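Everything on this sheet refers to the single structure shown next.
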Amino acid sequence: MAEKLSQMAYPTNKFTVTKGLDDLAQMVVSDKNYRKSDVARKKMEASAGFVMKRHDDYLCRKLCKNCVNVCPNRANEVLTLADKEIIVHIDASCNECGNCVPACVQPCVPYKDNVTLFKNEEDVHDSENDGFAPSDRGYLIRWKGNVSECSDADLPVDLKDIVDAMKTQHPYYFL
């Protein structure tokens with residue numbers, strides 16, 4: 645990073661201390677305060693709840709809501725279903741800044757791994773996230789990787805619960 649900055653053209657009244665950036669980069673790599681301890685790393689790897697794969701049911705193993713709290717754009721919403729709470733990602737509000745990723749206590753990327761509410765059909769096609777977009781004919785959905793159009797009655801059961809809860813708890817997203 646310091647090398648790239650030193651190659652950039654800056655106005656003469658501004659400068660960057662590349663030595664300081666090099667020192668900071670070295671400190672991040674070598675300083676134990678910036679790394680997980682070996683004990684913490686072993687605990688995480690040994691824990692069945694924190695394998696390096698997200699569950700297929702879109703549920704957080706531990707609903708900490710950190711991604712909701714750190715998002716500057718309010719692009720993650722808590723949704724209460726009959727017997728659980730989930731996080732729904734609001735694609736139109738997200739600028740993919742990534743603040744939610746280090747805040748998440750799980751091995752997940754909240755803006756990619758949660759069920760996503762898309763603004764329109766074009767956004768569904770531009771994304772790889774599973775989710776739904778309201779359309780004139782019902783919904784365009786990507787569910788378990790497959791894109792299809794569905795009426796309200798034809799939505800997959802899990803997704804229908806999410807859509808119904810979104811319409812009830814956050815109706816302003818459907819205006």
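Using the working numbering, the first residue of the sequence shown is number 645, and each one after it goes up by one. The C-beta atom is built at its ideal place from N, Cα and C for all residues, glycine as well. Small disclaimer: the values here were computed from a predicted structure and weren't measured.
| query | result |
| --- | --- |
| Residues that DSSP places opposite E854 in a beta bridge | The chain is shown only over 645 to 819; residue 854 falls outside these bounds and no answer can be derived. |
| Cβ pair count under 8 Å reaching 3, the region 769-787 against the region 741-750 | no |
| Completely contained beta strand (DSSP E) runs for the region 726-809, where each covers 3 or more residues | 729-734, 759-761, 775-779, 782-787 and 790-794 |
| Rounded separation between F762 and D735 - CA only | 5 Å |
| DSSP beta-bridge partners of L723 | I730 |
| Buried or exposed (CB count within 10 angstroms, at least 16 for buried), N739 | exposed |
| Cα-Cα separation, N790 to P800 | 12 Å |
| heavy atom of the ligand GDP below 8 Å from V753 C-beta | No copy of the ligand GDP occurs in the structure displayed, which carries no ligand at all. |
| Span separating the alpha-carbon of I806 from that of Y816 | 15 Å |
| Exposure of R786, with buried meaning 16 or more beta-carbon neighbours within 10 Å | buried |
| Start-to-end residues for the alpha helix (DSSP H) that takes in N713 | N710 to V714 |
| Integer Cβ distance of E793 from S779, believed to fall under 8 Å | 7 Å |
| Pairwise C-alpha distance: Y755 and N720 | 8 Å |
| Spatial neighbours of Y783 in its chain, beta-carbon cut-off 6 Å, leaving aside the 5 residues before and after | F776 and C794 |
| L803, buried or exposed, once every other Cβ within 10 Å from all chains shown has been counted against 16 | buried |
| Nearest neighbour of D757, chosen from K788, S737 and D727 [CA to CA] | K788 |
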